[in-house]
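A.B. asks: Below you'll find the structure I mean.
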Amino acid sequence: MKLYQRFFARIYDPFMASSEEGWLRPLRQSLLGGLGGHVLEIGAGTGINFAYYPAGTRVTACDPSGPMLAFARQKAVQSSVKAKIRVLEASADDPCVQANRPAEGWDYIVFTLVLCTVPNPRELLQQCYDWLHPDGRLIVLEHVASDSRWGLHAQKMAQPLWGVFSEGCQLHRPTGAYIKEAGFVPQREERLTKGLPFLLGIYEK
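Here my numbering is used: the first residue of the sequence shown is 4, the next is one more, and so on.
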């Protein structure tokens, strides 16, 4: 498994390059370009988001994958990155991550292409609700379950093979429903289709 994790980390950015250049980049910019204060990025991966955070933002970026974070640490010190980034090899609920949480909570918690993979998305989102500042925001860019019966059927058919090659990614999670179950209210919410259905959102407590 560790060998595959290293392989997956190495191919992730090249695999995503065409999507990043074609349509993901402006979405990341629109979601992250106006953030500030203290940010928790959960599932930071290779650090693709780092360049989009504004100067002065203090970002705690966590991920349990050491191979992915090896690339994230390289990005964190690049001249294009203006925010202060702290990279931690840990899950979001690890004490070393929560030690960086301000007394009143995080100003923002960010998920981009992560909630499809975490083993307990409902529990994690409920924790995020508690971890946020009373005026905090949840920032989300995720692929989600299709709204159509046939689209959902196709996702379920593809899932066994997809999950093997994508580190357990789930194609058909109803992530939008999970977010609302946790108590979040959409401030901005959009669905778009780019091969897969995606959810783009900013949510408040």
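Note that beta-carbon positions come from the ideal geometry of N, C-alpha and C, so glycine has one too.
Mind checking who K197 pairs with in its DSSP beta bridge?
C.D. replies: The partner list for K197 (beta bridge, DSSP) reads L199.
A.B. asks: Find out if the Cβ-Cβ distance for the pair G288, P17 is shorter than 8 Å.
C.D. replies: The chain is shown from 4 up to 208; residue 288 falls before or after that span and cannot be answered.
A.B. asks: Rounded to a whole number of angstroms, what is the C-alpha to C-alpha distance between L91 and M71?
C.D. replies: Each residue's Cα considered, the two are about 11 Å apart.
A.B. asks: Just grab the DSSP bridge partners of R140 for me.
C.D. replies: Paired residue(s): Y111, E207.
A.B. asks: Does DSSP classify A148 as helix, strand or coil?
C.D. replies: Three-state result, A148: coil.
A.B. asks: Evaluate S21 with the Cβ neighbour count: other Cβ atoms within 10 Å of its Cβ, from every protein chain shown; 16 or more gives buried, anything less gives exposed.
C.D. replies: That one is exposed.
A.B. asks: What runs of the beta strand (DSSP E), each 3 residues or longer, lie entirely inside the stretch 33 to 84?
C.D. replies: Taking only runs of at least 3 residues, the beta strand (DSSP E) segments lying wholly in the stretch 33 to 84 are 41 to 45, 61 to 66.
A.B. asks: Ignore the nearest five residues each way along the sequence and tell me which others in Q81's own chain have a CB closer than 6 Å to its CB.
C.D. replies: There are no such residues.
A.B. asks: Consult DSSP for V188 and reduce its assignment to one of helix, strand or coil.
C.D. replies: Three-state DSSP puts V188 in a strand.
A.B. asks: Taking 6 Å as the limit between beta carbons, can you name the residues of its chain near Q101, skipping five residues before and five after?
C.D. replies: So the list is empty, once near-sequence residues are dropped.
A.B. asks: DSSP on V90, reduced to helix/strand/coil?
C.D. replies: Note: V90 maps to strand in three-state DSSP.
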